[in-house]
Every structure is written in structure tokens, then in C-alpha cells.
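If you want the working numbering, it's the position in the sequence shown, counting the first as 1, plus 345.
Glycine included, each C-beta is placed from N, C-alpha and C at the ideal position.
A short worksheet on the structure shown next.
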Amino acid sequence: MFIESLFEFLGAIGTISWFVWPFTFVFGLVGAVFYLHPTDEEDEAGRDGRERRAIGNALIAGGSLLMLFCTALYYLDVM
Numbered sequence: 346m347f348i349e350s351l352f353e354f355l356g357a358i359g360t361i362s363w364f365v366w367p368f369t370f371v372f373g374l375v376g377a378v379f380y381l382h383p384t385d386e387e388d389e390a391g392r393d394g395r396e397r398r399a400i401g402n403a404l405i406a407g408g409s410l411l412m413l414f415c416t417a418l419y420y421l422d423v424m
């Protein structure tokens, strides 16, 4: 019951801003892949910051993928 309401709410938000989520997914995924590769002569603080940015971009990509999924369900009127 709560999950269906959450998916319906996210789907309604996704229909309002439908053009944002595909770009957010692509840029978040590209950023996560980019930050997973270490650079030459990287120190410990630089490595931690790079890994933190990679995790943040992966979370952004996952959230936007969830929004795309909920929007598709909302448009198809599955729930």
C-alpha cells in the first residue's frame, strides 16, 4: 500500500519534470564511471574525494532511474 502510493507520487513528480530524469541518469552514470578510474600520483585524500564523488554520482543515477521507472508506471496506469 505504501509502496504503491510512493510509486504513484514519484510518477506524478516525474510527469511534471520528465525531461530532467534521462539527462540526470546519463550524466550521473558517466560521472560515476569517470570517477572510478584513479589518476596518476593520487594521494589518500584525493582518492577518498574521488570515491565519494563516484558514490554520489551512482546514487544520483539510481534515483533518476527510479524516477523514470515510476513515471513509466504512472503513464501506463499500471497501479
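Item, Value
"Touch test, the segment 389-396 against the segment 364-371, Cβ-Cβ under 8 Å, three pairs minimum", "no"
"Boundaries of the alpha helix (DSSP H) in which D393 is found, first to last residue", "389-421"
"Minimum Cβ-Cβ distance from G376 to chain D less than 7 Å", "Included in the structure is just one protein chain, with no chain D present."
"Rounded C-alpha distance that separates L421 from N402", "29 Å"
"Own chain partners of Y419 with C-beta closer than 7 Å, once the 5 adjacent residues on each side are dropped", "E353, G356, A357, G359, T360"
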